[in-house]
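The next block holds one structure in the form of structure tokens; read it before the comments.
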Amino acid sequence: MDKEKQHDEADDSWVIKYFDNVGNSGDMINLGIGEPDFDMFEPLKDEAERVIRRGLNKYTMTAGIVELREAIAETYSRRWGVDIGPDNVVVTPGASSALFMSLASIIRPGDWVVIPTPSFPSFKALTQILGGRVVEVGPLPESDFQLDVGGVRSTLGEKRAAVILNSPTNPTGSVIDERAFSEVVDLCRKSGAYLISDEVYERFVYGVEYTSAAKYWGEYDRIVIVNSFSKTLAMTGWRLGYMIVPKHLKARVIKLQAYINACPPSVAQYVALYALRSSEVQKMIDEKVSEYWRRRDTLHKALNAHGVSTHLPKGGIYLFPRIPLPIDSETFCNRLAKEARVITIPGKVFGKGGEGHFRITLSASPEKLLEAAEKIAAFVERTRPK
Ligand SMILES: Cc1ncc(COP(=O)(O)O)c(C=O)c1O
Numbered sequence: 064m065d066k067e068k069q070h071d072e073a074d075d076s077w078v079i080k081y082f083d084n085v086g087n088s089g090d091m092i093n094l095g096i097g098e099p100d101f102d103m104f105e106p107l108k109d110e111a112e113r114v115i116r117r118g119l120n121k122y123t124m125t126a127g128i129v130e131l132r133e134a135i136a137e138t139y140s141r142r143w144g145v146d147i148g149p150d151n152v153v154v155t156p157g158a159s160s161a162l163f164m165s166l167a168s169i170i171r172p173g174d175w176v177v178i179p180t181p182s183f184p185s186f187k188a189l190t191q192i193l194g195g196r197v198v199e200v201g202p203l204p205e206s207d208f209q210l211d212v213g214g215v216r217s218t219l220g221e222k223r224a225a226v227i228l229n230s231p232t233n234p235t236g237s238v239i240d241e242r243a244f245s246e247v248v249d250l251c252r253k254s255g256a257y258l259i260s261d262e263v264y265e266r267f268v269y270g271v272e273y274t275s276a277a278k279y280w281g282e283y284d285r286i287v288i289v290n291s292f293s294k295t296l297a298m299t300g301w302r303l304g305y306m307i308v309p310k311h312l313k314a315r316v317i318k319l320q321a322y323i324n325a326c327p328p329s330v331a332q333y334v335a336l337y338a339l340r341s342s343e344v345q346k347m348i349d350e351k352v353s354e355y356w357r358r359r360d361t362l363h364k365a366l367n368a369h370g371v372s373t374h375l376p377k378g379g380i381y382l383f384p385r386i387p388l389p390i391d392s393e394t395f396c397n398r399l400a401k402e403a404r405v406i407t408i409p410g411k412v413f414g415k416g417g418e419g420h421f422r423i424t425l426s427a428s429p430e431k432l433l434e435a436a437e438k439i440a441a442f443v444e445r446t447r448p449k
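If you read the sequence shown in my numbering, its first letter stands for residue 64, the second for the next number, and so on.
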């Protein structure tokens with residue numbers, strides 16, 4: 064495929080459309096964009112002010128400040144009982160950039176990337192932009208979007224370069240259990256594929272056990288972990304994420320970072336460091352997660368009571384209901400926005416298995432979510448063929 068075609072294929076104009084409309088939805092209930100509705104925590108704003116006044120406004124080391132890399136490495140190592148060091152960590156401008164640099168450092172044009180779907184659209188778009196070939200592995204039928212390990216097994220061969228897992232998953236809220244995770248690690252080991260694990264929603268887990276790829280860090284040396292401060296600290300606009308990479312990949316990643324970003328944003332790094340060290344901020348995050356848990360329950364119950372069938376996600380910040388009308392997801396979401404004044408995202412943008420669903424972000428008060436559920440139900444009732 065020629066280069067221009069690759070880029071065109073990867074053109075998801077919806078991304079631009081939705082980002083251009085952030086904060087611009089007037090009287091509509093906007094449950095489209097994937098970010099927390101709460102503001103950045105006050106202690107973090109105070110810290111940002113102090114950092115700016117201390118004059119820490121300049122370039123930092125390419126990989127990010129040592130203290131933050133140490134804190135990230137320590138957090139992961141302690142939790143998962145492994146030996147991740149600051150030299151394994153590269154701090155990046157958001158997980159978006161970390162995903163790009165992961166793929167750019169791993170795949171060459173023509174390489175295959177296995178993506179369980181429905182999935183965050185960047186996985187597919189970035190693979191295509193880099194000239195890789197996407198292999199979508201659909202969800203297991205009637206499984207509430209559990210990972211199709213058999214599908215991964217049947218697609219992994221010698222040519223495949225990487226598998227991207229995302230748990231909790233955007234948009235389905237699935238949490239990949241330990242057994243499935245370790246099976247995929249095994250499959251990667253057998254075929255030599257890299258495992259890229261996107262863990263940006265790791266804190267948003269509701270009463271089930273969570274597994275990180277870090278658990279397998281000591282067993283396989285082709286694991287790349289991508290994470291972000293965007294969602295947990297509600298600082299999506301500050302652009303801060305990171306990647307944890309095996310040492311043999313580090314030079315390539317650093318080269319990419321040096322020429323693309325020079326370094327991650329300085330003030331945001333000090334703010335994130337403060338957050339990792341502060342038990343007060345960690346408690347605030349836990350409270351927000353509990354709030355999202357309650358919202359998940361509220362909206363799940365309301366939608367199902369109104370006949371809009373939706374499975375109960377085990378994590379993440381989204382619900383992914385079935386569309387109860389004989390129309391495609393794009394038409395449904397466009398009409399829902401226009402006629403019911405509720406913004407959501409069509410399932411088709413999340414790849415194979417996404418069509419027939421729509422994504423709702425849980426980023427509104429329970430009252431607003433209930434109002435949205437009523438509006439969605441009324442719209443469905445009005446539109447249902449008689
Ligand atoms: C699964 C997933 N990965 C990565 C990102 C990007 O996060 P960031 O704001 O850190 O670039 C998002 C944002 O929605 C996401 O849902």
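For every residue, glycine included, the Cβ atom is placed at its ideal position computed from N, Cα and C.
Expected contact under 8 angstroms - CB spacing of residue i and residue j to nearest Å
i: residue 412; j: residue 439; result: Not confirmed; about 19 angstroms, so no contact.
i: residue 359; j: residue 387; result: With a Cβ gap of about 20 angstroms, residue 359 and residue 387 do not count as contacting.
i: residue 256; j: residue 365; result: About 42 angstroms separates the two Cβ atoms, so there is no contact after all.
i: residue 302; j: residue 325; result: Their Cβ separation, rounded to whole angstroms, is 13 angstroms, which puts residue 302 and residue 325 out of contact at 8 angstroms.
i: residue 374; j: residue 207; result: 4 angstroms
i: residue 177; j: residue 215; result: 6 angstroms
i: residue 341; j: residue 121; result: Not quite, the Cβ-Cβ distance comes to about 24 angstroms (not below 8 angstroms), so this is no contact.
Top-ranked residue by Cα proximity to residue i, from the options
i: residue 448; options: 213, 224, 408, 390; result: 390
i: residue 369; options: 253, 434, 424; result: 434
i: residue 420; options: 131, 147, 306, 181; result: 181
i: residue 200; options: 193, 192, 194, 209; result: 209
i: residue 381; options: 101, 237, 282; result: 237
i: residue 98; options: 191, 298, 372, 129; result: 298
i: residue 261; options: 135, 288, 239, 218; result: 288
i: residue 230; options: 175, 192, 290; result: 290
i: residue 179; options: 247, 146, 153, 121; result: 247
i: residue 222; options: 205, 233, 195, 191; result: 195
i: residue 234; options: 407, 383, 418; result: 383
i: residue 145; options: 153, 280, 407; result: 280
i: residue 309; options: 329, 276, 341, 327; result: 276
i: residue 232; options: 265, 172, 250, 92; result: 265
Cα-Cα separation between residue i and residue j, rounded to whole angstroms
i: residue 300; j: residue 189; result: 21 angstroms
i: residue 339; j: residue 444; result: 47 angstroms
i: residue 242; j: residue 274; result: 9 angstroms
i: residue 431; j: residue 96; result: 15 angstroms
i: residue 211; j: residue 415; result: 13 angstroms
i: residue 345; j: residue 119; result: 24 angstroms
i: residue 314; j: residue 169; result: 12 angstroms
i: residue 409; j: residue 227; result: 22 angstroms
i: residue 399; j: residue 392; result: 10 angstroms
i: residue 352; j: residue 285; result: 31 angstroms
i: residue 143; j: residue 278; result: 5 angstroms
i: residue 336; j: residue 139; result: 14 angstroms
i: residue 217; j: residue 198; result: 11 angstroms
i: residue 363; j: residue 94; result: 14 angstroms
i: residue 379; j: residue 219; result: 27 angstroms
i: residue 149; j: residue 357; result: 36 angstroms
i: residue 184; j: residue 294; result: 17 angstroms
i: residue 131; j: residue 395; result: 44 angstroms
i: residue 423; j: residue 263; result: 18 angstroms
i: residue 151; j: residue 292; result: 18 angstroms
i: residue 175; j: residue 105; result: 44 angstroms
i: residue 135; j: residue 158; result: 14 angstroms
i: residue 74; j: residue 251; result: Confidence at residue 74 is low in this model, with a pLDDT of 47, below 50, so its placement is unreliable and no value can be given for it.
Environment of residue i [buried if 16+ CB atoms lie within 10 Å]
i: residue 186; result: buried
i: residue 355; result: buried
i: residue 334; result: buried
i: residue 202; result: buried
i: residue 108; result: exposed
i: residue 397; result: exposed
i: residue 89; result: exposed
i: residue 311; result: exposed
i: residue 225; result: buried
i: residue 156; result: buried
i: residue 402; result: exposed
i: residue 343; result: exposed
i: residue 441; result: exposed
i: residue 304; result: buried
i: residue 110; result: buried
i: residue 129; result: exposed
i: residue 307; result: buried
i: residue 417; result: buried
i: residue 259; result: buried
i: residue 323; result: exposed
i: residue 101; result: exposed
Any non-hydrogen atom of ligand 3 closer than 7 angstroms to residue i Cβ
i: residue 212; result: For the structure depicted, ligand 3 is absent and the ligand set comprises only ligand 1.
(Q) Using 8 angstroms as the cut-off, can you tell me whether the region 266-283 makes contact with the region 120-127, which would need three or more C-beta pairs spanning the two stretches below that distance? (A) no
Q.
Closer than 8 angstroms is the cut-off here; do at least three beta carbon pairs connect the region 420-430 with the region 105-115?
A. With the rule of 3 Cβ pairs closer than 8 angstroms, the region 420-430 does not count as touching the region 105-115.
Q. Are the region 304-323 and the region 153-172 touching, with three or more C-beta to C-beta distances below 8 angstroms?
A. yes
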